[in-house]
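Reading through the structure tokens given below for one structure.
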Amino acid sequence: MGLFSSNKKKKTKSQVKDITKGEYIKKLRNLISTLDNEILKEEYIEIKIIQWSRINSVYFSKPFDLCGHQCVLLINKDEHTVDLIYDERKKNEYHLSNIVYVFPVTNYETMEYKSYELYEEDKEYDLSIIEDDKINIGIYWRIYLNEDKGQDNLMEKFNVITSDIDNKEMNTYYYENRITDVNSYKNINSGLFKFNNIMWEIELIHVKSIDDLRDDFLHEFRGETDYYCVKLTCQKYEDNDKNNYYFKYIPFMCNVKDFSCVKYRVSDICTIDSDKEFIFKTHKLISDKGFFKNRKYHDKPIIYDNRAIFGVYINMYKNSNEVTADTINKDKMIKNLNLYVNDEDNQIISKGYYEFSFNNWQSLRNENKITSPLFEICNHKWEIILYPNGINEKSKDNLSVYVRCLDTKQDIFLHLSSKIIFTIRKNISSPITNGDEKFSIGIYIRIYKFKKEHYFKEINDLEMNVDYPLIGENYYEWKIKDYNQKNDEELISSPEFEINDYKW
3 MGLFSSNKKK KTKSQVKDIT KGEYIKKLRN LISTLDNEIL KEEYIEIKII QWSRINSVYF
63 SKPFDLCGHQ CVLLINKDEH TVDLIYDERK KNEYHLSNIV YVFPVTNYET MEYKSYELYE
123 EDKEYDLSII EDDKINIGIY WRIYLNEDKG QDNLMEKFNV ITSDIDNKEM NTYYYENRIT
183 DVNSYKNINS GLFKFNNIMW EIELIHVKSI DDLRDDFLHE FRGETDYYCV KLTCQKYEDN
243 DKNNYYFKYI PFMCNVKDFS CVKYRVSDIC TIDSDKEFIF KTHKLISDKG FFKNRKYHDK
303 PIIYDNRAIF GVYINMYKNS NEVTADTINK DKMIKNLNLY VNDEDNQIIS KGYYEFSFNN
363 WQSLRNENKI TSPLFEICNH KWEIILYPNG INEKSKDNLS VYVRCLDTKQ DIFLHLSSKI
423 IFTIRKNISS PITNGDEKFS IGIYIRIYKF KKEHYFKEIN DLEMNVDYPL IGENYYEWKI
483 KDYNQKNDEE LISSPEFEIN DYKW
């Protein structure tokens, strides 16, 4: 947010419109673009700074309370920015809020207010920003109610999907824009923003004809039209920044009332390794018809009342290791594995990939049984067991692979809902049984939240098969409060319940 503007000669009192504080705050409210969510709280405060010339180039105000949060105002005089820094968002607060910064606040009879770049000339007043080395900065903050439309679950899912095997995440960024008129098919531009020492710009481009495509998309044009593509432009903020940056991003469209009704694309690992401008593209995010098709498992389309949400999730990694060609190839393979897994309506908790290497195929075939080193995926310990020559005479010409979760030995009540894919990976595109090239055997695991339906199925699978016809089945669960206080009782009875017309 821009902070400075050049001093100008002020208009006289008669030239300036009088305004009360109530009218002033009302104008600030009108500057904020509203969301669909209910307003949880909104509040206005003014921070006065005297002796402006003496504060540091990076200045933190004294802590203050605003909308129930402990806040400080961060001013960077060199970068001409001001930001409200506040403590952790509460669970009932929506992840996006609206903030308007006002410069300057002199008094409510003669004042100007701005919520955008202050380099822009004010068309009505010629008031100076700083007077007598003093400045008053107003902050209007509106926080919306988190209405549990699944946005938190979606962010957790995106975090899991973009979690990289070789790189630890450092920081994440979430951009969202509400499309209020889907049928207008307008382009969207985020404008420049700074995140993690990188300047970013996000563009959602609607393709009606080849003339709508930018040069960087032209080679992907196949004669199709009526769809959206996404362009992500980024460049290091500082020219002397020698760091390499790695990240993944997910552009998406979702229903304004249900974030789980979503269409998204996952990028490969992206690298920023010089001070030049980088452009990353998602060619076809969604077609015009795609807005109106019912999404699988939701029985509803992305469009709702001619509205939708467009967003981009960015996961930036620590750059402790260089991204090699092998890492990129492995990442592409893991991305493809993501596509093979059908999550159905299950909530992803975590995922992971592990592999171990062999010098050549013959070194593997000479062994009867090979056990991998112990490894950890999704906070559980695992091992892979290989039988290079099968487990019996019938399978002697096959490689048999098993995976075992070792945590079940310590916790017999452990319940896991998961999907697993075994992989064999080799950099050279020739049969694994040929040559002396190295190859890897791996496993991709995705863990889901364990639901009651999974538990029912597990119990049902344990039932002994009998020769009697099944006339009904059901499940009853009894929650016992203060169980430790009932230890002295010899018998504890549940409330009466009914299953299949019988009382129990």
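Under the working numbering, think of the first position of the sequence shown as 3, with each following residue one higher.
Ideal Cβ positions, reconstructed from N, Cα and C, are used throughout, including at glycine.
Burial state of residue i, where buried means 16 or more other Cβ atoms lie within 10 Å
i: Gln-72; result: exposed
i: Gly-444; result: buried
i: Thr-36; result: exposed
i: Lys-360; result: Sequence inspection shows Phe at residue 360; the Lys mentioned does not correspond to that position. It is buried - the Cβ of Phe-360 has at least 16 other Cβ atoms within 10 Å.
i: Val-232; result: buried
i: Arg-367; result: exposed
i: Gln-2; result: Because the chain here runs from 3 to 506, residue 2 falls outside it and cannot be looked at.
i: Thr-373; result: exposed
i: Phe-293; result: buried
i: Ser-397; result: exposed
i: Asn-257; result: buried
i: Arg-144; result: buried
i: Glu-122; result: Note that Glu-122 scores 37 on pLDDT, short of 50, meaning its location in the model is unreliable and no value can be drawn from it.
i: Val-60; result: exposed
i: Tyr-342; result: exposed
i: Pro-375; result: exposed
i: Trp-363; result: buried
i: Leu-493; result: exposed
i: Leu-30; result: buried
i: Pro-390; result: buried
Proximity winner among the options, relative to residue i (alpha-carbon distances)
i: Lys-283; options: Pro-303, Lys-259 and Val-314; result: Val-314
i: Lys-451; options: Ser-55, Glu-475 and Ser-352; result: Ser-352
i: Ala-310; options: Cys-407, Phe-280 and Asp-38; result: Asp-38
i: Ile-212; options: Asn-476, Tyr-306, Phe-293 and Asp-228; result: Asp-228
i: Lys-250; options: Tyr-176, Lys-483 and Ile-57; result: Tyr-176
i: Gly-354; options: Ser-365, Met-335, Tyr-306 and Ile-447; result: Ile-447
i: Cys-236; options: Asp-307, Lys-29 and Trp-202; result: Trp-202
i: His-382; options: Tyr-356, Asp-301 and Lys-196; result: Tyr-356
i: Thr-164; options: Ser-99, Tyr-88, Tyr-248 and Val-102; result: Tyr-248
i: Ser-63; options: Ser-55, Arg-56 and Lys-50; result: Lys-50
i: Ile-57; options: Leu-76, Glu-45 and Ile-190; result: Leu-76
i: Ile-386; options: Ile-423, Leu-147 and Lys-259; result: Ile-423
i: Arg-180; options: Leu-98, Asn-94, Tyr-299 and Glu-378; result: Leu-98
i: Arg-297; options: Asp-260, Phe-312, Asp-307 and Phe-280; result: Asp-260
i: Asn-161; options: Asn-78, Asn-400 and Pro-253; result: Pro-253
i: Lys-159; options: Asn-340, Glu-378 and Glu-369; result: Asn-340
i: Glu-475; options: Lys-483, Asp-503, Asp-484 and Ser-495; result: Asp-503
i: Ser-402; options: Lys-411, Glu-395, Leu-388 and Asn-394; result: Leu-388
Residue i - containing alpha helix (DSSP H), residue span
i: Thr-410; result: 409-412
i: Val-162; result: 153-164
i: Ser-365; result: 363-367
For residue i, the residue or residues it bridges with in DSSP
i: Ile-52; result: Lys-136
i: Ile-1; result: Residue coverage of the chain in this structure runs from 3 to 506, which leaves residue 1 outside it and unanswerable.
i: Ile-445; result: Tyr-356 and Phe-424
i: Arg-549; result: Summary: the structure shown does not reach residue 549, with the chain confined to residues 3 through 506, and so no result is reported for it.
i: Val-258; result: Paired residues: none, contrary to the question.
i: Ile-141; result: Ile-47 and Tyr-103
i: Cys-380; result: BP columns for Cys-380 are empty, so no partner.
i: Tyr-230; result: His-208 and Ile-288
i: Leu-147; result: Glu-95
i: Asp-419; result: Checking the sequence, you will find Ser at residue 419 rather than Asp. In the DSSP output, where bridge partners are listed per residue, Ser-419 has Tyr-450.
i: Ile-280; result: In the sequence under discussion, the amino acid at residue 280 is Phe, which differs from the Ile named in the question. For Phe-280, which the question treats as bridged, DSSP gives the partners Cys-236.
i: Glu-500; result: Lys-505
CB contact check: residue i to chain D, cutoff 9 Å
i: Cys-236; result: Absent here is chain D; the protein component of the structure consists of one chain.
Contacting residues, own chain, Cβ-Cβ under 8 Å from residue i (five flanking each side not counted)
i: Lys-453; result: Asn-348 and Ser-419
i: Met-335; result: Thr-425 and Arg-427
Extent of the continuous beta strand (DSSP E) run through residue i
i: Trp-202; result: 200-209
i: Ser-99; result: 95-104
i: Tyr-26; result: Run containing Tyr-26: none in the beta strand (DSSP E); it sits in the alpha helix (DSSP H), 23-33.
i: Val-1; result: Because the chain spans 3 through 506 in this model, residue 1 falls outside it and cannot be assessed.
i: Leu-68; result: 66-68
i: Tyr-61; result: 60-62
i: Thr-273; result: 272-274
i: Val-84; result: 83-88
Sequence-distant residues of the same chain with beta carbon closer than 7 Å to residue i, five excluded per side
i: Ile-47; result: Phe-66, Leu-68 and Ile-141
i: Lys-337; result: Val-268 and Asp-270
i: Gly-70; result: Lys-43
i: Lys-238; result: Asn-199, Ile-200, Ile-274 and Asp-277
i: Ile-305; result: Val-184, Phe-293 and Phe-294
i: Asp-409; result: His-382, Lys-383 and Leu-416
i: Asp-413; result: none
i: Phe-499; result: Tyr-478 and Trp-506
i: Asp-89; result: His-71 and Gln-72
Beta-carbon proximity list for residue i, same chain, < 6 Å, skipping 5 on both sides
i: Ser-262; result: Gly-152
i: Thr-174; result: Asn-317
i: Lys-421; result: Val-343 and Arg-448
i: Asp-80; result: Ser-59
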